[in-house]
Structures are given as C-alpha cells and as structure tokens.
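Chains F and A are the protein sequences, given in the same order.
Residue numbers for the first sequence follow the working numbering, beginning at 722 and rising by one.
Residue numbers for the second sequence follow the working numbering, beginning at 722 and rising by one.
Heads up: the structure comes next, in structure tokens.
Protein chains: 2
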Amino acid sequence: MIVTIIGLGLIGGSMALDLKKRGFASQILGVDSNKEHARRAEEIGFVDAIVDLKDAAKLSNVIILAVPVDASIQLINEILPQLDSQILIDVGSTKEPLINVANQHENRNLFLAAHPMAGTEFTGPDSAISGLFDNNAVIFCDVENSSTKAVSMAEKLFTTLNMRRIDMDAKSHDVHAAYVSHISHISSFALALSVLHKEKNEKNIFDMASGGFTSTVRLAKSSPAMWAPIFLQNKANVTEVLDTYINFLYDFKLALFNDDEKRLYELMNRANSIQPILQNKEEKLVEITK
Amino acid sequence: MIVTIIGLGLIGGSMALDLKKRGFASQILGVDSNKEHARRAEEIGFVDAIVDLKDAAKLSNVIILAVPVDASIQLINEILPQLDSQILIDVGSTKEPLINVANQHENRNLFLAAHPMAGTEFTGPDSAISGLFDNNAVIFCDVENSSTKAVSMAEKLFTTLNMRRIDMDAKSHDVHAAYVSHISHISSFALALSVLHKEKNEKNIFDMASGGFTSTVRLAKSSPAMWAPIFLQNKANVTEVLDTYINFLYDFKLALFNDDEKRLYELMNRANSIQPILQNKEEKLVEITK
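So, in structure tokens, the structure goes:
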C-alpha cells in the first residue's frame, strides 16, 4: 500500500511512523508546502520521498490530509477531482465545514472524514512520535456518504494505529469536540495569559509552579496556526461551551463572594463525579493494552 | 528526631514516608481526628504509632500540621501553648490568616509557615507516595518571625525532601499561590462541570476524551474538604485572578464573534510565551535530579 501524507507535522508524521512500522504502508510519500518541514521529514526518515501535490493522487492508494483545517478546505477542492479509485482521508479537528465542501463533489464517496482523538502540545515534523494514537478513539463522520471501500480502508488504517472507531454525524462531532477538546485549549491559553499578565509585576511567580499548574497549562503551548482555524470553524459550538464554562466560573465567584461554603462543596462534589468516568476510561485503556 | 504529623493524608503521609526512609526521623507519630485514616496510616506503616493531639507536643521534637487550612487555624491555638522548645511547621496552601493567628501567641517564634508546592488530585492515607516533593519549591513565609532554630530545622526537613527553598512574606505567598495553584483548580472544576452538564443530553461524550482533556480536567478530582477552605481563606486573591481569567476568556469569545483571526493569533502567541518559562523550569528540575 502506498500512502501519501499531506502535512508532515505532529499528526501526519506520527501516522507515517506507525503505518510504516506496522506494515500498513509499503511506502510513504510526503507533501508539505513548508519546504523546511518537507526536508526535515525526509531527514528524520518517516517519509520515503517528497512529491508534488499534483502528483499525490496518481502515485498512491491512500491520501491522508493532515493540515490545519483552513488549508484542508482549500486542498480538498484540488484533490477530490484527481481521484479515480484512491481513498482520501482527512484527520482534522472540525468536520461540518469540510464535509459541506466535500458534498459538492462527484467523488464524495472516495472521501472519509476521520478525527483521531490524540495529539500533544508540540508542532512540526520533529514532534512526530510513534504510539501517539494507541488506545484512543477515532471518530468517523457521515460514513453513509463514503463508499464501503473507503470505510474499510480507513477502518484498516486506524486499526493499525490501535484506535477504536466511533461513528457520528459531522454536526454531533463538532459539538462533542468543542466540549472534550477545543474548550480545554482555550482554558489553558487563558490560564497562561492570566499568569503571564500577573508576572509583569510579580517576578519569579513561575518558580512556585508545580505539577498541577503545568498539567492545566500544558495545552497553552499549542500552535496558533492550527488552533485559530479550528476555533473559527467551530465558532458556534465553541462559543456555547465558553458561555457554559464562564457561567460555572461565575458560580465559583459568587459562592466566594457570599462565603457560601455549602455551594462550593456542591460545585466541587459534582465536578468530582468526573472521577469514576475518567477512571473507567483509563481502565478500558489498560484492558485494550493488555 | 521524633516527628509528629497531624493529618495523615496525601501531604502528611507522603512527608512521613520520605522523612523516615531518608533518615530525618527516627520515629514518626501520627495524629488524625478521622479514626479510619489513623488506623489505615498505621496499617500502611508510615507512622510508628498513633497518639492523642494533647500528647503530640511533649512526645516529639518537630510537629507538622498537615490538615485542611480551616482546621489548622483551630489547631494552632491548641498546639502553640503546649510547646517549650519543639518546632511547629505548618504545610497548608494559604498563609496570611494562619500567621495572623500565630502572631497572637507568645510562642510565635517556635512556628514556621511553609508551603511545599506539590500534590496530586488524590486524598487520604492511601494516596501517600514517596518522592512527591522531590525537585519542587517550598515557600517559607515571614521567616523573620521564626527562631533561627525553627528555620534551620525546617530547612533541614525540606532539604531531606529534596525541595528548594523560596522565602516570601505571607501576603505575597497568598497572591502567588492564587495564580499558580488555586486558579488551576477552579479552572479544572469548572471544565468538569461544563462537560458533565452537556453529558446529560449527549451520552458517551467522554468516549472521545484523550490526553489533552484528561490533563486539563485532572485537578477536578481534588477534595472539596481541602479546597473549599483554601478558596475561602484566599478569597480576595482568588477573586482577582478569577476576574483576570474570565476577562481573557471573553477576549477569546469576542475574537470568535468578530471572526478576528489576527486577535486569536495575538492571544495564542502571547500564551505560547509560557513555553520557554516552563521548559526552563523543567530543565532546572533535570539539573537538580542529575
């Protein structure tokens, strides 16, 4: 199987590493508009060759689109008309806008929209790591509009990456992603901004920081070029969850203002109920790993 | 050296483990108003014996107060008058209110207020772990009001735990702790509440969650009994940082509303500048570990 990966960063690079190592791909071709990233991907060795975007379709069996979500909307219009039987899989973090564009094309059924729920706060070819996707979920969107061949090819590909498939319509995906991924990033960015803002007057504030802080602020290192288009494409859902989030923060503020210990306990006890849910998830992962 | 630890949970238990193992304490005595916790601490073996609070002072050289910050304010009034030359060290997360109480006592100079910047989201004797404090900072507050003997005893104790000392007045400590610790917890609690709120109508939303979400929501598992008194005692500072935090969240919301990509980039680029600061911190830790 020859796989072309468009976008040789964290996601594309990490997919390349494991698809090759685990025998899904006999050859990995790479496309990247950033020449330095392309050179580096070849140097690291997770692509066998760099090719032009216009040659990607005719040279490969599967094409993976792993670029920022604003770029994928541009690229899908270029790639879909070039396909005859090859499969195009996109792996971005928002789905509805891209699928709306895909739906305009005759070749729509050769396309499958997937979202592997994995990542780190790092960017570029040097951030690619083996095992990134292991034991996480991958969302397949609107599978009824993709051919059986496209779905089974994607199924085989993500099984190679040790991911468990969940099917969802694009609309639901974008709502859920806002809640379990996009808001975490905004929450981290805002936390970093708050402490940096204070640090202007209070030197060495970071010397005190320990594990709790670094854990909640970790995602603030994430790439603006990747996240700005995600937030904008998923604006309605992200705004909804931001409003919910801000309201709960005001609940804390009001409870503090009123010295309302009972209300603070209520809020935190309810938040604590996330523990068995996450634990259950962690146990499931351990089971899969065994 | 005989050390009595009052409060046999995550912090007290983890201190007991390493103070014994690393030779600072020849014997560890334990006090806990929760009989089940006391029994369990003895069973696990990180205390050699359970004693009554009224006997703690006369039986030991050093007393460590590792209880929720509302309880420590009660207990300090009981313990300080019992001391003649023993040292009392408190390890709670807020300092000004406790020090204000300590300052009323004749024995004030036998007391040192310290805040070891370490913890996990777990609670109780079973959450105690060796190495919890290694390579983190410990804040000593208002050291000029503690005797040389108290300061050097505390210095020796926290050096045994591999912590680096930072001196600060109590007021500054409480401001800084609000920024690098307390807000992280509220941010996590509110994130958990937002997703749980949505989950009422959207089943299985957590199936999608991956590392980024679990990292930002981890602290939402923290104990309300520990955190409610911290937030209330540090109400003014926590409210200030909550306001700053909410304002930055509104900045994101406004940028989304206006489709203002430039502003989103500005906010995220500024947040990204936390990376070298945290990295520098991580490198420092590696250096210490070597």
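The C-beta atom is built at its ideal place from N, Cα and C for all residues, glycine as well.
Keep in mind that this is a model prediction, so the values were computed, not measured.
In terms of beta-carbon proximity, Asn856(F) stays away from the interface with chain A, with every pair separated by 7 angstroms or more. Judged by DSSP in its simplified three-state form, Thr844(A) adopts coil rather than helix or strand. Residue pairing of Arg885(A) in beta bridges, as defined by DSSP: Ala858(A). Between Met838(A) and Pro945(F), the C-beta gap is not smaller than 7 angstroms, which leaves the two residues out of contact.
For Leu738(F), the uninterrupted alpha helix (DSSP H) segment begins and ends at 731-742. In this structure, Leu833(A) and Ile907(A) do not form a Cβ contact; the two beta carbons are roughly 28 angstroms apart against a cut-off of 8 angstroms. Under the Cβ distance rule, Gly730(F) does not count among the residues neighbouring chain A, no pair being separated by less than 7 angstroms. For Ala913(A), the enclosing alpha helix (DSSP H) stretches over residues 904-920. Judged by DSSP secondary structure, Pro837(F) falls within the beta strand (DSSP E) whose first and last residues are 832-837. The beta-carbon of Phe861(A) is placed no less than 7 angstroms from the nearest beta-carbon of chain F. Beta-bridge pairing by DSSP links Val724(F) to Ile749(F), Val783(F).
Of the candidates Val812(F), Lys816(F), His826(F), the residue whose Cα lies closest to the Cα of Leu804(F) is His826(F). Per DSSP, the continuous alpha helix (DSSP H) segment holding Ile967(F) begins and ends at 956-978.
When CB distances to chain A are screened at a threshold of 9 angstroms, the residues of the stretch 875-897 of chain F falling below it are Arg885, Ile887, Met889, Ser893, His894, Val896, His897, in chain order. Rounded to the nearest angstrom, the gap between the Cα atoms of Asn830(F) and Asn821(F) is 13 angstroms. Close to Asn979(F), with beta-carbon spacing below 7 angstroms, lies no residue of chain A; the smallest spacing is near 10 angstroms. Within 7 angstroms of the CB of Glu982(A), the CB atoms of chain F belong to Ala949, Leu953, in sequence order along the chain. Beyond the five residues adjoining it in sequence on each side, Val896(A) comes within less than 6 angstroms, by CB distance, of Asn958 in the same chain, given in chain order. Put simply, the stretch 804-815 of chain F touches the stretch 775-786 of chain F. At least three CB pairs are less than 8 angstroms apart. Interface residue (Cβ-Cβ distance to chain A less than 7 angstroms): Ser936(F) is classified as such.
With respect to chain F, the C-beta atom of Leu985(A) has a partner C-beta closer than 7 angstroms.
Inter-segment contact for the stretch 885-902 of chain A and the stretch 861-870 of chain A is present: three or more beta-carbon pairs are separated by less than 8 angstroms.
When rounded, the separation of the alpha-carbon atoms in Lys956(F) and His903(F) is 10 angstroms.
With contacts defined by Cβ atoms closer than 7 angstroms, Ala770(F) and Pro846(F) do not form a contacting pair.
At least one CB of chain A lies nearer than 7 angstroms to the CB of Ala913(F).
If you ignore the 5 residues before and after Met722(A), its C-beta comes within less than 7 angstroms of the C-beta of Phe745, Ala746, Ser747, Asn782, Val783, all in its own chain and listed in chain order. Counting only the Cα atoms, Ile926(F) lies some 37 angstroms from Asn755(F).
In this structure Glu757(F) does not touch Leu774(F) by the C-beta definition: roughly 17 angstroms separates them, more than the 8 angstroms allowed.
Proximity of Leu963(F) to chain A, defined by a Cβ-Cβ separation below 7 angstroms, is satisfied. Any Cβ of chain F closer than 7 angstroms to the Cβ of Gly852(A) would place that residue at the interface, and such an atom is absent. With fewer than 16 other Cβ atoms inside 10 Å of its own Cβ, Pro997(F) counts as exposed. For Ile800(F), the enclosing alpha helix (DSSP H) has its first and last residue at 790-800. Counting only the Cα atoms, Val901(F) lies some 13 angstroms from Leu940(F). The beta carbon of Met929(A) falls within 7 angstroms of a beta carbon belonging to chain F, placing the residue at that interface. In this structure, Thr844(F) lies away from Ile951(F), with their beta-carbon atoms at least 7 angstroms apart. In the three-state reduction of the DSSP assignment, Ile765(A) falls in the helix class.
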